[in-house]
Every structure is written in structure tokens, then in C-alpha cells.
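Here is the structure we will look at, set down as C-alpha cells.
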Amino acid sequence: MKRFLTILALALAVCSCGQNKPAPETANVEPSKEDFVTAPNAQTGKEYPKVNSERRVRVRVNATDAQSVKLDIGGATYDLHRDAEGYWIGDSAPQDEGFHYYQIIIDGAYVPDPSSLYYYGVSRWSSGIDVPAHDQDFYQLKDVPQGEVREIYYWSPTNNAMRHCYVYLPAEYDKNPNKRYPVLYLQHGGGESEHGWPQQGKTAQIMDNLLAEGKCVPFIIVMDNGSWRIERPQEPNPRGQQAPARRQGGGMNLPDDWYQGFANTLIQDIIPMIDARFRTIPDNAHRAMAGLSMGGMETKEIGLKYPEVFSSLGIFSGGEITPEEAAASKNFKANNKLVFVSYGSRELENGNRDPKATAEQMKAAGYNAHAYISPDTAHEWQSWRRALYNFAQLLFK
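Okay, structure coming up:
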């Protein structure tokens with residue numbers, strides 16, 4: 260239980276490593292190699308942000324009357340300086356491969372970079388940048404049959420409100436009107452939303468490339484909003500980011516059924532809506548759930564409580580399922596076809612247990628269990644892109 264609460268506190272704090280902490284003292288940066296190129300996350304017609312071969316990020320901001328401008332990325336801040344044209348410009352230290360949220364601090368105010376695309380993370384719309392990765396080919400946009408991501412609005416009786424989700428359909432979906440498909444319900448993490456997997460996660464690109472290479476079976480992916488909150492007094496939060504959950508005594512003031520609100524929405528509203536709108540195979544064997552961080556913990560709790568609903572579970576940086584937990588869940592073994600757990604390697608350095616040992620214990624207990632460790636990444640999107648890439652190849656086979 261203590262380990263679960265520790266993981267939950269991290270997930271509630273934020274999904275992307277280092278983004279929810281007060282920024283440390285400004286970092287010193289060695290001179291950068293001058294081979295910067297415009298990042299793919301720059302807005303159309305913008306030259307910045309840029310990234311170089313050392314994986315340093317360079318930004319340039321027009322803030323004429325500002326007295327101080329800084330770059331906040333990767334848990335550190337970096338002073339910018341005025342160039343010959345009066346713009347504020349500067350570089351970060353080398354970043355890990357993959358996607359990173361970042362912000363500009365103008366006279367103490369945290370704002371998105373006006374030149375970058377915006378992404379919902381750290382509980383606000385922020386700037387983001389992709390640092391080139393050695394294995395980025397698997398999520399690049401390619402000349403292969405393209406699936407479609409549909410934006411869906413629907414009425415939720417459980418919440419007495421309209422809700423919103425994204426649905427990925429494989430390229431063949433509209434070409435074969437008689438075929439029905441399995442479904443993966445894929446959840447974001449704390450401080451993020453249903454926008455995360457389609458945008459930061461590169462879900463469509465990952466799936467299109469896997470399908471083009473014949474590495475997975477075609478299935479539908481539903482990306483909805485699983486956010487929830489604990490009611491507590493408002494606390495000052497100058498960065499506009501989600502605060503860590505409060506603790507009381509030795510634990511957190513969390514209800515045991517913290518996930519139940521979203522479970523009700525998912526089972527009573529979302530799944531029936533998807534089965535009614537799309538050509539699904541509406542049974543346990545063809546329904547999976549996965550998620551990152553908070554979404555991974557939702558996957559674990561919902562999957563254990565409702566094994567007749569989901570046969571395959573993917574937990575990305577959100578804990579694991581032990582043989583004891585599986586055995587305590589009525590009908591779990593009879594219904595489960597796959598348990599997949601992943602972490603970034605840097606997360607293991609921070610105290611999380613290597614899931615490979617638990618996967619071996621689950622296998623010995625008769626489960627189809629798999630574990631994956633993303634090399635040289637932390638609690639961040641590159642870990643979760645790689646997790647989805649590996650998980651998808653195991654699903655519905």
C-alpha cells in the first residue's frame with residue numbers, strides 16, 4: 260500500500276519528469292555546438308525553437324520591455340540574453356531524447372513560447388519540443404496507409420454532461436464495412452488530458468507504421484479524459500500546475516475508490532457509446548485497457564475490479580500487478596489474456612522496482628505477462644511511446 264501511495268503521489272503531481280517542481284537555480288550552460296535546426300514543434304513559418312546534435316534546445320523570444328527572461332525545461336531554468344536585434348535568446352543543457360514540455364519565464368510569469376506548438380500537460384497548455392531520438396523512426400509520419408483520428412463529443416448520463424474523446428481507426432476501417440475490430444482504451448496521466456496520446460503520444464503514427472510493417476493486428480483506440488481530483492482548499496500555485504496530493508499522517512487523504520468515478524464513466528458511458536458508434540467486437544476477449552502514470556494506475560485498479568470487461572492490460576509507469584493481487588481478484592485469471600508493465604530506465608534508478616522480476620512471477624503463476632524497460636528515459640513521453648509500440652504488438656493475438 261505504501262508503494263502504491265508513493266506512485267500515486269508522483270502521478271498526481273505530473274506526468275512529465277521535473278515539470279511540477281519549483282524550478283531550481285538557473286543552470287550554467289557550456290557553449291553549444293552551432294548546428295541547430297528548427298524543431299518539428301515550431302509553428303508554421305517560425306524559425307524557433309531549435310535543437311542541435313548535442314540535444315540542446317534554443318529558444319528566441321520577443322519580449323521588448325522585459326527585465327528577465329528564462330527558459331524552463333527538464334526541471335531546470337536557463338537565463339536568456341538579448342541578441343543584436345533585441346530578442347531574448349539562449350540554450351538549455353543537453354536533454355534526453357524524446358518529447359519535453361517547456362515554458363518561458365518573463366519577469367516571473369510562466370507562459371508558453373509564442374513560436375512553438377502547444378500541448379496540454381502540467382495542468383495547462385504548454386510549449387513542447389521533440390529532441391531527436393535514435394529510434395524515432397517508429398513514430399515518424401510516413402507514406403504508408405493512414406488511419407484516422409476522429410474527434411467525438413457525446414452525452415454522459417453518469418456525469419450529466421457532454422464529454423469529449425478521440426478515436427483512432429486503422430486505415431482499412433472504411434474500406435471493409437463488414438469487418439469488426441477489437442478496442443484499446445488508452446489513458447493519459449495526471450495533469451494531462453485526452454489530447455495527450457493523439458498529440459504527444461504519436462498514437463496514429465505508431466499504429467500506422469506498425470500495421471504497414473505487419474507487426475500488429477488492426478484495432479480501434481479510444482483516448483478519453485480520465486482526470487479526477489481530490490477536493491481540498493486551494494493553495495497558491497504560481498506556475499499554474501497541479502499540486503501534489505496532500506498527506507495526512509503516514510499516507511494520503513485518498514478514498515480507496517479514487518478511480519471509481521472514471522470507472523463508472525468508462526463502463527457505463529464510454530464503452531457503450533463506442534460499441535454503438537463503431538464496428539467493435541464487444542466482448543472481453545477483444546477489449547483492452549492501458550495508460551501511463553495515473554492512467555496506468557487506473558488501468559490496474561479497473562482491470563482488477565472488472566476482469567470481465569478487459570482481457571488485456573498495459574501499465575506504463577504506473578505500478579504493476581503481482582500474483583497476489585491477481586489471485587485476490589475474482590475471475591481475473593479466467594478472463595485475463597495479457598498483463599504488460601513498462602518503465603523508463605531512469606525511473607528504476609529512482610526507486611521503482613524492476614517489473615521484469617514481477618513479470619516472471621506472474622508467468623510462473625500462469626499469466627501471459629510481459630515487462631519492458633525504455634532505455635535512458637524517465638517519467639516522460641518517450642518512455643510511453645516506446646511502451647505503446649511494444650504493447651500494441653502483443654495485443655489481440
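Take the sequence shown: its letters are residues 260 to 656, numbered as in this note's numbering.
Ideal Cβ positions, reconstructed from N, Cα and C, are used throughout, including at glycine.
{"Check": "For ASP467, which of helix, strand or coil comes out of DSSP?", "Outcome": "helix"}
{"Check": "Terminal residues of the continuous alpha helix (DSSP H) containing ARG645?", "Outcome": "640-651"}
{"Check": "Give me the Cβ distance between ILE465 and TYR398, rounded to the nearest whole Å; I'm assuming they're in contact under 8 Å.", "Outcome": "5 Å"}
{"Check": "Run through the segment 400-449 for me and flag every whole beta strand (DSSP E) of 3 or more residues, listed as ranges in chain order.", "Outcome": "407-415, 420-428 and 442-446"}
{"Check": "Give me whichever residues DSSP pairs with MET482 in a beta bridge.", "Outcome": "TYR425"}
{"Check": "Going along the chain, which residues of its own chain have a beta-carbon closer than 8 Å to the beta-carbon of ASN523, five neighbours each way excluded?", "Outcome": "THR417"}
{"Check": "Should MET421 be labelled buried (16 or more other beta-carbon atoms within 10 Å of its own) or exposed?", "Outcome": "exposed"}
{"Check": "If distances are taken between C-alpha atoms only, which option among ASP402, MET482, TRP456 and CYS424 comes closest to LEU470?", "Outcome": "ASP402"}
{"Check": "Tell me which residue opens and which closes the alpha helix (DSSP H) that THR617 is part of.", "Outcome": "614-623"}
{"Check": "Which one or two residues does DSSP pair with ILE365 in a beta bridge?", "Outcome": "VAL328 and ALA368"}
{"Check": "Taking C-beta to C-beta, are ARG314 and GLN362 nearer than 7 Å?", "Outcome": "no"}
{"Check": "DSSP three-state label for LYS309, please.", "Outcome": "strand"}
{"Check": "Looking only at DSSP bridge pairs, what is PHE655 linked to?", "Outcome": "PHE655 pairs with nothing; no bridge assigned."}
{"Check": "If contacts are defined as beta-carbon pairs under 8 Å, then ALA646 and PHE575 qualify, I think. What distance do you get, rounded to the angstrom?", "Outcome": "4 Å"}
{"Check": "Alpha carbon to alpha carbon, what distance is there between MET548 and ARG644?", "Outcome": "16 Å"}
{"Check": "Closer than 6 Å by C-beta to ASN649: which residues in its own chain qualify, once you throw out the five before and the five after it? Chain order, please.", "Outcome": "TYR631"}
{"Check": "Which residue's Cα is closest to the Cα of SER452: LYS461, THR558, MET482 and GLY603?", "Outcome": "MET482"}
{"Check": "Could you tell me the distance, in whole angstroms, from the CA atom of GLY554 to the CA atom of ILE580?", "Outcome": "14 Å"}
{"Check": "Determine whether the beta carbon atoms of ALA637 and GLY603 lie at a separation below 7 Å.", "Outcome": "yes"}
{"Check": "Would you kindly work out how many angstroms separate the C-alpha atoms of ARG439 and LYS461, rounded to a whole number?", "Outcome": "24 Å"}
{"Check": "For ASP350 and ARG383, what's the separation of their Cα atoms in angstroms?", "Outcome": "23 Å"}
{"Check": "For ARG536, does the count of other Cβ atoms within 10 angstroms reach 16, so buried, or fall short, so exposed?", "Outcome": "exposed"}
{"Check": "From what residue to what residue does the alpha helix (DSSP H) around THR558 run?", "Outcome": "553-564"}
{"Check": "Mark ASP396 as exposed unless 16 or more other C-beta atoms lie within 10 angstroms of its C-beta, in which case mark it buried.", "Outcome": "exposed"}
{"Check": "Out of curiosity, what's the CA-to-CA distance linking PRO566 and GLU584?", "Outcome": "12 Å"}
{"Check": "Decide if GLY387 is buried, meaning its Cβ has at least 16 other Cβ atoms within 10 Å, or exposed.", "Outcome": "buried"}
{"Check": "Going by DSSP, what residues sit across from THR297 in a beta bridge?", "Outcome": "LYS309"}
{"Check": "Give the secondary structure of HIS454 by DSSP, where H, G and I count as helix, E and B as strand, and everything else as coil.", "Outcome": "coil"}
{"Check": "Can you tell which of ALA544, GLU560 and HIS545 has the C-alpha that lies nearest to the C-alpha of GLY520?", "Outcome": "GLU560"}
{"Check": "Measuring straight from C-alpha to C-alpha, what distance separates LEU443 and PHE478?", "Outcome": "7 Å"}
{"Check": "My understanding is that SER658 touches ALA301, with C-beta atoms under 8 Å, so please give their C-beta distance in whole angstroms.", "Outcome": "This structure does not reach residue 658, given that the chain is present from 260 up to 656, and the question cannot be answered."}
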